[in-house]
Structures are given as C-alpha cells and as structure tokens.
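Below you'll find the structure, written out as structure tokens, and then a few comments.
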Amino acid sequence: MDNPVTESTPATDPAAGRGVRAVAQEEFSFSAAVGGVRGMVEAVAPVVVFVVVYLVSGQRLVPPVVAAGAVALVAVVVRLVQRTPVTQAVSGVFGVAVGVVWALASGRAENYFAWGLWTNLAYLVGTLVTVLIGWPLVGVLLGLFAADGPLAGGPWSRVGQFRADRSLRRRASIATWAWVALFGVRLAVQVPLYASQEVAWLGTAKLVMGVPLFAVVLWFSWVLLRPAHAAQQPPAHHDR
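Using my numbering, you'd call the opening residue of the sequence shown number 492 and step up by one each time.
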C-alpha cells in the first residue's frame, strides 16, 4: 500500500506508519495506516468487482472470479510500470488467486471468500495465544517497530520492555484482545453467511468489516500505547 508523507512519517521511510507499523508512530494517520487512497482502493476493488459482477451476471461463477482476478492483477502491473512498491499489491493478488482457484475447483462462488475466513481464524488463534502466554502481540510489534527496534533499522529491540513494565504490558494486552475480538466478530458474522451461501452478503460483510474495522482497531491500539511512544523520546531541554 502507498503511504503519504506526514509530519510523523519521514520521506526517507515511506513504509513508516503503514499497517501495523502505525502502533510505533508518534502520530496516527488513518490514511497512512491503510496505505492511502490507492492502497485502500487496491484492497477493496476485487471484492467490490466480484460482488457486482456476481449479481449482474445472474449469480454465475466464472465472470465474477475472472473479473476480480483481473482487477488484482492490473493493480500489480500498474505498480510495476510506475516502479512503485508492489508488496501489498502482490499480497492482494495471492489472496485473490487462492480464492479464484478454490471457487472454480469447487464450483461454489462462496469459496472465493474461504481463504479470508481461514486467514482470520489463523490470526485469531495466533493473537490469542500471544496474550495467554504473556507476550501480547501488540506489545511485541511496538518493540519491533520502535525507533531503536530491528524492523525500524535501529541497533536493538525493545520487544521485552513490556515484560518489566506492568502498565505497558496491561495496555498491550488490552490492545491485543481488541484484535482477537475483531477476528472473532468477522468469523461470527461471515461464517454463517458462507454456510448459507449468501455470496453477495458475504462480500458486503467482508468489505464493511475489512479496511474500516482494521483502521479503527489499529487506532485504538495506538491510543493505548501512546505513553510508550512518549517514553521513547529524549527529554526536552529548556533554557533557564
């Protein structure tokens, strides 16, 4: 996804503030977190096209899966031509490709969304485990993406900081529980729609519970961890 340059996002690090990196930023930008307008469009366009073509074609299988796959592929080609980062677009193509293959192989349009359901289940289990073992995922990510963390180009990691800081560990746990809840709610709503073969409603639910809820929960995590951001900054010196 693209990431616009903001006051808290240096132009030399275009990935800062994007996706889960936002938890370690001094300022939060909803636009940057979802990759900007272009990134958001690339994320939702295949699903929108799938649902629209599915309804227009009289709920046939081949037209919507082909159309969705074409849209995702075009996004990658355009980025390659423009020589812009393709990581997010390629990731999107992979998910769409799996959905297309599963739908065509089974002859069931709802299987286009099966990969997303399995992915959310894996995320739910993974995040839940991190809380239960005392290493809440959001706290780990904060350490990894901190200014002096390894994934931000720093010399060392602050991953274990919350182990000695009860307040930070508690806030990181609450933030991680919010992600567990997000994945759980998605499954609670979308699995019944998948089971009942409500393809159009399943696609609509995926859109509503996708980028918008992701951005909100990411912001909530950032709010909880703001004191940790302040602690990373050197103290200000004032003239007397």
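Backbone N, C-alpha and C fix where the C-beta goes; we use that ideal spot for every residue, glycine too. Quantities reported herein were computed from a predicted structural model and do not represent experimental measurements.
Best match in the options for proximity to residue i [C-alpha to C-alpha]
| i | options | result |
| --- | --- | --- |
| L608 | V680, V699 and A669 | V680 |
| V737 | L698, P703, R661 and S597 | The question about residue 737 has no answer, for the chain in this structure spans 492 to 731. |
| T695 | V540, E533 and G526 | V540 |
| A613 | N602, L678, L715 and L704 | L678 |
| A559 | G526, V532, A637 and W713 | V532 |
| R662 | V629, W692, L684 and G634 | V629 |
| A586 | T618, T610, A513 and E518 | It should be noted that the sequence gives Gly, not Ala, for residue 586. Comparing Cα positions, the closest option is T610. |
| A588 | V562, G530, L571 and Q573 | V562 |
Inter-residue spacing [alpha-carbon to alpha-carbon] between residue i and residue j
| i | j | result |
| --- | --- | --- |
| A672 | E689 | 23 Å |
| A580 | S687 | 31 Å |
| A515 | F711 | 13 Å |
| R599 | K697 | 17 Å |
| V795 | V528 | Shown here, the chain extends from 492 to 731; a query on residue 795 therefore has no answer. |
| R660 | A706 | 22 Å |
| A536 | V708 | 22 Å |
| A566 | V631 | 32 Å |
| V557 | V699 | 23 Å |
| Y603 | G675 | 20 Å |
| V538 | D656 | 42 Å |
| V616 | T575 | 34 Å |
| V618 | P683 | The identity of residue 618 in the sequence shown is Thr, whereas the question assumes Val. If I take the Cα positions, the gap works out to 23 Å. |
| V523 | V577 | Per the sequence shown, residue 523 should be read as Ala rather than Val. C-alpha separation (whole angstroms): 16 Å. |
| V544 | V620 | 39 Å |
| A534 | G625 | 32 Å |
Proximity test, residue i beta-carbon vs the ligand MG heavy atom, cut-off 8 Å
| i | result |
| --- | --- |
| G607 | The ligand MG is not part of the structure shown, which contains no ligands of any sort. |
_Inter-stretch contact (C-beta, 8 Å, three-pair minimum) for the segment 658–677 and the segment 536–556_ = These segments do not touch.
*3 or more residues per run - each beta strand (DSSP E) lying fully within the segment 564–599*: none
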